[in-house]
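Peer 1: Supplied in structure tokens, the structure appears directly below.
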Amino acid sequence: MHFFQYRGNELYAEDVPVRFLAERYGTPLYIYSHETIVRHFRAYDDAYGTFPHIICYALKANTNGAILKLLAQQGSGADIVSGGELFRALKAGIPAEKIVYAGVGKTEDEIRFALRSRVLMFNVESADELREIDRVAGTMKVKAPIALRINPDIDPQTHPYISTGMKEHKFGISVDDAIEYYRLAARLRNIEVVGVQKHIGSQITKIAPFVDAVKRILILLDALKKQKITIRYLDIGGGLGITYQSEKPPAPADIAKRLLPLIMDRNITLVMEPGRSIVGNAGILVTRTLYLKQGAGKTFVIVDAGMNDLMRPSLYDAYHHISPVVKKKREQIRADVVGPICESGDFFARGRTIDRVNRGEYLAVMSAGAYGMSMSSTYNSRPRLAEVMVKGETHALISKRGSYEDLVRHEVMPRYSR
Ligand code: LLP
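In terms of our numbering, the sequence shown has 166 at position 157, counting the first letter as 1, and numbering is strictly consecutive.
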């Protein structure tokens, strides 16, 4: 569910015509819907009702400060994977006691920053990391709250690049070794065991993988209890999918209905780390048609956005729906929608039947709010694009378009030394 809908022939972002925004702010342009973000966050929050829970929005999906601030106001916490994300989360007003810190490669500086900030917990992925956190905490004379990220070996049935919870992945600690790792953690003087975490992959569109993974973790919790290790936080990660094409992912409430009976009688706080399902359908990428080029058996629609602005199609062969911002009776053509980057992989759609567009017309690339801007780059020296938030009939710039000067601002001429 989102608030990008056609009214008559015109695509609207909430109550503002997308064409107006494209003309006002220029293209390529990311447009987000305030109401959609709030609605998605509320869907999670309402689903768990009075059961103790913290929704830790996964920053990596979209790190724009205005979006983070909006989520902070709704009561969101944060799932972070770097010092940079911690900085952004705190700056947006997300309280440290609602921040969980994930990732296989935390550096000493990042661990110090997180300890100083007093984050809720570190989600730890290896024995080496556990010992390093213990050491750093020791030098700071504090105790580090940790959860172990457990790999429940469940197939999330999603794209292999974004599946993380199986034995062969670099993530987490195998469920068979979990007890041993918890024993180690309990022995370390500067570590306080507080939780268990799992995250099995992204863009999951079925309920079963979530339920099966939690069931496995609950068996582990019982085993830990026998060892007198108490777990206060059960962090179930993120991963709920959205509709890009015709997927019908469950709603947060559908999952809650299945999970709540399993955990109802346990004295735990549930932590979730949704990213895509909060912001994915809350953003679109608007691009202008530059040229049409006739190729062998198909047309190339050349647009002003490139793979540097939205990498998902190139990187995962991901489907994003593309439609003209202004609809009219149009001939259908078979086309590749491509960007101006000097790579064959620079496409938004290949061999797709779409409405014929003319030069200068705008296209909307849908469901681009998650892993769009956050994975963008300035490859081919293309300045960072602008981002706009729409709220009802109003709109505001939330990230300025980069300039040519921005492209070189951080560079310095060498002054060699030895
Ligand atoms: N928690 C952890 C530990 C994660 O690794 C991730 C995503 C999330 C939460 C949030 O997952 P979500 O709810 O957004 O599915 N760039 C890829 C997705 C990579 C996901 C990485 N981890 C894409 O564009 O599809």
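All C-beta atoms, glycine included, are put in the ideal place defined by N, C-alpha and C. The model shown is predicted, which means the values in this text are computed figures rather than measured ones.
1. With hydrogens ignored, establish whether the beta-carbon of Lys-69 is closer than 7 Å to any heavy atom of the ligand LLP.
2. In whole angstroms, what separates the C-alpha of Gly-17 from that of Pro-26?
3. What separation, rounded to the nearest whole angstrom, lies between the Cα atoms of Leu-243 and Gly-306?
4. At a threshold of 7 Å, does Ser-436 count as lining the ligand LLP (C-beta to nearest heavy atom)?
5. May I ask whether a heavy atom of the ligand LLP can be found less than 7 Å away from the beta carbon of Pro-218?
6. Would you mind reading off the limits of the alpha helix (DSSP H) that contains Leu-139?
7. Return helix, strand or coil for Phe-309, following the three-state DSSP convention.
8. So, for His-330: in the same chain, excluding its five sequence neighbours on each side, which residues have a beta-carbon less than 8 Å away from its beta-carbon?
9. Spell out the partners DSSP gives Asn-367 in its beta bridges.
10. Here's the rule I'm using: 16 or more other beta-carbon atoms within 10 Å means buried, otherwise exposed. How should Arg-424 be labelled?
11. What's the gap between the Cα of Gln-236 and the Cα of Ala-222?
12. Anyone know if the C-beta pair for Gly-284 and Ala-156 falls short of 8 Å?
13. Roughly how many angstroms separate the alpha carbons of Pro-261 and Val-421, rounded to a whole number?
14. State the DSSP-derived secondary structure class of Leu-428, mapped to helix, strand or coil.
15. Below 7 Å, is the gap between the Cβ of Lys-135 and the nearest heavy atom of the ligand LLP?
16. From what residue to what residue does the alpha helix (DSSP H) around Gln-254 run?
17. Cα separation between Pro-349 and Thr-362?
18. Can you give the Cα-Cα distance for Asp-162 and Asn-73, rounded to whole angstroms?
19. Between the segment 245 to 252 and the segment 214 to 229, are three or more C-beta pairs nearer than 8 Å?
20. Is there contact here, the segment 341 to 348 with the segment 264 to 284, by at least three beta-carbon pairs under 8 Å?
21. Can you check which of these residues, Arg-127, Gly-381, Tyr-190 and Leu-324, is closest to Tyr-39 by C-alpha distance?
22. Would you mind listing the beta strand (DSSP E) stretches within the segment 224 to 308 that are 3+ residues and don't spill past its ends, in chain order?
23. Whole angstroms are fine: how far does the CA of Val-312 sit from the CA of Met-130?
24. Between Tyr-34 and chain B, is the shortest Cβ-Cβ distance under 8 Å, so that the two count as touching?
25. Look up Phe-131 in the DSSP assignment and give the residues it is bridged to.
26. Identify every residue that forms a DSSP beta bridge with Cys-351.
27. Cβ of Arg-321 versus every heavy atom of the ligand LLP: is any distance shorter than 7 Å?
28. What does DSSP give as the partner residue(s) for His-404 in the beta ladder?
29. Counting Cβ pairs closer than 8 Å, one from the segment 53 to 66 and one from the segment 311 to 327, do we hit at least three?
30. Going by DSSP, what residues sit across from Thr-362 in a beta bridge?
31. Is Met-130 near the ligand LLP, with its Cβ less than 7 Å from a heavy atom?
32. What residues match up with Glu-201 in a beta bridge as DSSP calls it?
33. Does Glu-119 pass the burial test, meaning 16 or more other C-beta atoms within 10 Å, or should it be called exposed?
34. Does the Cβ of Leu-95 lie closer than 7 Å to at least one heavy atom of the ligand LLP?
35. Going by the beta-carbon positions, is the gap between Tyr-41 and Ala-314 smaller than 8 Å?
36. Does the structure place the segment 69 to 85 close enough to the segment 96 to 104 that three or more beta carbon pairs sit under 8 Å?
Peer 2: Taking the structure as given:
1. Counted from its first residue, the sequence shown places residue 69 at position 60. Checking every heavy atom of the ligand LLP against the Cβ of Lys-69, one is found closer than 7 Å.
2. Your numbering for residue 17 matches position 8 in the sequence shown. Your numbering for residue 26 matches position 17 in the sequence shown. About 11 Å.
3. Here residue 243 is taken as the residue at index 234 of the sequence shown, counted from 1. Here residue 306 is taken as the residue at index 297 of the sequence shown, counted from 1. Rounded to the nearest angstrom, the two C-alpha atoms are 54 Å apart.
4. Residue 436 falls outside the range modelled here, since the chain spans only 10 to 427, and no answer is possible.
5. Taking the first residue of the sequence shown as 1, we reach residue 218 at position 209. Checking the Cβ of Pro-218 against the ligand LLP gives no.
6. Walking along the sequence shown from the start, residue 139 turns up at place 130. Start and end: 136 to 149.
7. On the sequence shown, position 300 is the one that residue 309 refers to. Residue state, collapsed to three classes: strand.
8. What you label residue 330 is simply residue 321 of the sequence shown in a count that begins at 1. Tyr-253, Gln-254, Val-374, Met-375 and Ser-376.
9. The residue given as residue 367 occupies position 358 in the sequence shown. Asn-367 pairs with nothing; no bridge assigned.
10. The count along the sequence shown starts at 1 and reaches residue 424 at position 415. Classification of Arg-424: exposed, given that the 10 Å Cβ count is below 16.
11. The residue given as residue 236 occupies position 227 in the sequence shown. The residue given as residue 222 occupies position 213 in the sequence shown. Answer to the nearest angstrom: the Cα atoms are 22 Å apart.
12. One-based indexing of the sequence shown puts residue 284 at position 275. One-based indexing of the sequence shown puts residue 156 at position 147. No, these two residues do not count as a Cβ contact at 8 Å.
13. On the sequence shown, position 252 is the one that residue 261 refers to. On the sequence shown, position 412 is the one that residue 421 refers to. Using only the alpha carbons, I get a separation of about 48 Å.
14. The requested residue 428 is not part of the displayed model; the chain covers only 10 to 427.
15. The residue given as residue 135 occupies position 126 in the sequence shown. Note that residue 135 is Ser in the sequence shown, not Lys. It does not: the Cβ of Ser-135 is nowhere closer than 7 Å to a heavy atom of the ligand LLP.
16. Here the question's residue 254 lines up with position 245 in the sequence shown. Counting along the chain, no alpha helix (DSSP H) covers Gln-254, and no H or E run does either.
17. Numbered from its first residue, the sequence shown carries residue 349 at position 340. Numbered from its first residue, the sequence shown carries residue 362 at position 353. About 21 Å.
18. Counting from 1 along the sequence shown, the entry for residue 162 is found at position 153. Counting from 1 along the sequence shown, the entry for residue 73 is found at position 64. Straight-line Cα distance between these residues: approximately 33 Å.
19. yes
20. no
21. As a position in the sequence shown, residue 39 is number 30, starting the count at 1. That would be Gly-381, whose Cα lies nearest to the Cα of Tyr-39.
22. 242 to 244, 278 to 281 and 292 to 303
23. Sequence index remark: in the sequence shown, residue 130 carries index 121 (1-based). Sequence index remark: in the sequence shown, residue 312 carries index 303 (1-based). Rounded to the nearest angstrom, the two C-alpha atoms are 44 Å apart.
24. Absent from the structure: chain B. Only one protein chain is present.
25. Numbered from its first residue, the sequence shown carries residue 131 at position 122. Paired residue(s): Tyr-110 and Ile-155.
26. As a first step, residue 351 must be located in the sequence shown, where it is residue number 342. Answer is none; Cys-351 lacks a bridge partner.
27. Here residue 321 refers to the residue found at position 312 of the sequence shown. Indeed, a heavy atom of the ligand LLP lies less than 7 Å from the Cβ.
28. In the sequence shown, counting from the first residue as 1, residue 404 sits at position 395. According to DSSP, which records beta bridges pairwise, His-404 is partnered with Val-399.
29. no
30. Here the question's residue 362 lines up with position 353 in the sequence shown. The secondary-structure analysis by DSSP pairs Thr-362 across a beta bridge with Arg-343.
31. As a first step, residue 130 is located in the sequence shown; it is residue number 121 there, counting from the start. Short note on Met-130: C-beta not closer than 7 Å to any heavy atom of the ligand LLP.
32. Counting from 1 along the sequence shown, the entry for residue 201 is found at position 192. Partner(s): Pro-154.
33. Mapped onto the sequence shown, residue 119 falls at position 110. By the 10 Å Cβ count, Glu-119 comes out buried.
34. If you number the sequence shown from 1, residue 95 lands on position 86. Outside the cutoff, so no.
35. On the sequence shown, position 32 is the one that residue 41 refers to. On the sequence shown, position 305 is the one that residue 314 refers to. Not a contact, by the Cβ cut-off of 8 Å.
36. yes
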